[in-house]
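Visitor: Residue numbers for the sequence shown follow this note's numbering, beginning at 30 and rising by one.
Think of the CB as a built atom: it goes at the ideal place given N, C-alpha and C, for glycine as much as any other residue.
From a predicted model like this one, the values you see are computed outputs, not experimental measurements.
Supplied in structure tokens, the structure appears directly below.
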Amino acid sequence: MIYLTGDTHGDFTRIEEFCDLYETTEEDILIILGDAGINFYLNERDIELKEELCQLPLTLFCIHGNHEERPDLVGTYEEKEWQEGLVYYEEDYPNIIFAMDGEAYDFQGKKAIVIGGAYSVDKFYRLAGNIPWFSSEQPDDWIKARVEKKLEALNWEVDYVLSHTGPLKYLPRDMFLPNIDQSKVDNSTEEWLETIEEKLDYEIWYFGHFHCDRFDLRTIMLFEDILELGE
């Protein structure tokens with residue numbers, strides 16, 4: 030089975046409970062829609078977490094979020110083909126896989142494009158408090174061009190979009206933090222995703238980032254809920 034959930038930020042308690050409840054195996058795939066929290070501290074704490082996660086009876090497929098480093102910048106990841114697309118992995122943790130932005134993956138005959146990254150509205154709080162912040166958090170021009178090139182090759186038709194943040198018009202404005210000046214928030218990624226959404230023929234767009242679970246006709250925003258892909 031293939032499942033999805035939202036941000037975990039290094040806390041996999043609900044994932045462990047899910048594995049126990051549904052008696053999962055490594056043949057089952059859980060897509061985390063960004064901010065898994067696995068490449069966060071970039072030290073021994075990340076290694077300890079990965080050693081715990083590699084004991085899970087589940088394959089984790091992680092989209093890049095904003096509160097974590099990109100796998101290709103960590104320095105310990107290699108590339109391989111998986112589900113008809115390129116991914117990042119480490120040999121010591123074979124059930125922990127990271128998506129590559131702009132790659133399209135095959136899940137049970139369905140095509141899914143991955144677009145990670147987002148802006149951190151708490152950027153300056155993090156910098157002031159010496160909390161990890163990553164300058165690579167948003168997709169740059171090269172990544173955006175890669176995504177669009179892949180979509181052109183697919184004739185702008187996919188079954189699913191798997192992203193961390195979502196198109197601008199789908200953002201949950203009632204969930205915005207009241208202490209954040211929205212006029213200073215960088216929405217360039219969301220604006221770009223909206224241009225993608227307007228051109229793209231797709232079935233369901235899944236994203237996380239906003240720490241709430243909401244369902245629309247064609248968009249699903251996930252946080253703590255765990256859903257079956259396509260259902």
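Go through the region 65–89 residue by residue and report every complete run of the alpha helix (DSSP H) that reaches 4 residues or more, in order.
Guide: Listed in chain order, they are 73–82.
Visitor: With the cut-off set at 8 Å, would you say A147 and G94 are in Cβ contact?
Guide: As a working mapping, residue 147 is identified with position 118 in the sequence shown. As a working mapping, residue 94 is identified with position 65 in the sequence shown. In contact: A147 and G94 (Cβ atoms closer than 8 Å).
Visitor: Taking the runs of the beta strand (DSSP E) that are 3 residues or longer, which of them lie wholly in the region 116–193?
Guide: Entirely contained in the region 116–193, the beta strand (DSSP E) runs reaching 3 residues are, in chain order, 125–128, 133–136, 139–144, 189–192.
Visitor: CB G237 to CB G63, shorter than 8 Å?
Guide: In the sequence shown, residue 237 corresponds to position 208, counting from 1. In the sequence shown, residue 63 corresponds to position 34, counting from 1. Their beta carbons are under 8 Å apart, which means G237 touches G63 by this criterion.
Visitor: With DSSP collapsed to three states, give me the class of F47.
Guide: Within the sequence shown, numbered from 1, the residue matching residue 47 stands at position 18. Correct three-state label for F47: helix.
Visitor: Between which two residues does the alpha helix (DSSP H) carrying L33 extend?
Guide: Walking along the sequence shown from the start, residue 33 turns up at place 4. Note, L33: premise wrong, no alpha helix (DSSP H); beta strand (DSSP E) at 31–34.
Visitor: Tell me which residues share the same chain as G131 and place their Cβ nearer than 6 Å to its Cβ, disregarding the 5 neighbours each side in the sequence.
Guide: By 1-based counting over the sequence shown, the position of residue 131 is 102. R175, V176, K179.
Visitor: Quickly, what does DSSP pair W234 with across the bridge? List them, please.
Guide: As a working mapping, residue 234 is identified with position 205 in the sequence shown. According to DSSP, W234 bridges with V190, T248.
Visitor: Quick check: the Cα distance between R155 and R247, rounded to an integer number of angstroms?
Guide: Mapped onto the sequence shown, residue 155 falls at position 126. Mapped onto the sequence shown, residue 247 falls at position 218. Whole-angstrom Cα-Cα distance: 34 Å.
Visitor: Would E219 and G195 qualify as a contact pair, given that the criterion is a beta-carbon distance under 8 Å?
Guide: Here residue 219 refers to the residue found at position 190 when the sequence shown is read from its first residue. Here residue 195 refers to the residue found at position 166 when the sequence shown is read from its first residue. Yes, they are a contact pair.
Visitor: Going by the DSSP bridge assignment, what does K109 pair with across the sheet?
Guide: Here residue 109 is taken as the residue at index 80 of the sequence shown, counted from 1. V116.
Visitor: So the beta strand (DSSP E) L59 belongs to, where does it begin and stop?
Guide: In the sequence shown, counting from the first residue as 1, residue 59 sits at position 30. First-last of the beta strand (DSSP E) with L59: 58–61.
Visitor: Would you give the residue range spanned by the alpha helix (DSSP H) that L258 belongs to?
Guide: By 1-based counting over the sequence shown, the position of residue 258 is 229. Where L258 is concerned, there is no enclosing alpha helix (DSSP H), given that its DSSP letter is neither H nor E.
Visitor: With a cut-off of 8 Å on the beta carbons, I'd call K140 and V190 a contact; round off their distance for me.
Guide: Walking along the sequence shown from the start, residue 140 turns up at place 111. Walking along the sequence shown from the start, residue 190 turns up at place 161. Not really, about 10 Å apart at Cβ, beyond 8 Å.
Visitor: Could you give the DSSP three-state label for R202: helix, strand or coil?
Guide: Reading the sequence shown from its first residue, position 173 is the one you call residue 202. Helix, per DSSP.
Visitor: Answer yes or no: do I60 and L33 have a C-beta to C-beta separation smaller than 8 Å?
Guide: Stepping through the sequence shown from its first residue, residue 60 is reached at position 31. Stepping through the sequence shown from its first residue, residue 33 is reached at position 4. Yes, the Cβ-Cβ distance between I60 and L33 is below 8 Å.
Visitor: Give me the Cβ distance between I249 and Y231, rounded to the nearest whole Å; I'm assuming they're in contact under 8 Å.
Guide: Mapped onto the sequence shown, residue 249 falls at position 220. Mapped onto the sequence shown, residue 231 falls at position 202. That pair is no contact at about 12 Å.
Visitor: By alpha-carbon positions, which one of F69, L82, F41 ends up nearest to L102?
Guide: Here residue 102 is taken as the residue at index 73 of the sequence shown, counted from 1. For the residues F69, L82, F41, the minimum Cα distance to L102 belongs to F69.
Visitor: In terms of alpha-carbon separation, which member of N124, E253, E113, D215 lies closest to F136?
Guide: Here residue 136 refers to the residue found at position 107 of the sequence shown. When only C-alpha atoms are compared, the closest one is E113.
Visitor: Check whether the region 74–88 touches the region 33–53, taking contact to mean three or more Cβ pairs, one atom from each stretch, closer than 8 Å.
Guide: Verdict: yes, contact present.
Visitor: Thinking C-alpha only, which one of N124, I142, I76, F163 is nearest D183?
Guide: As a first step, residue 183 is located in the sequence shown; it is residue number 154 there, counting from the start. This sequence places Leu at residue 183; Asp is not what is there. Closest option to L183, Cα to Cα, is I142.
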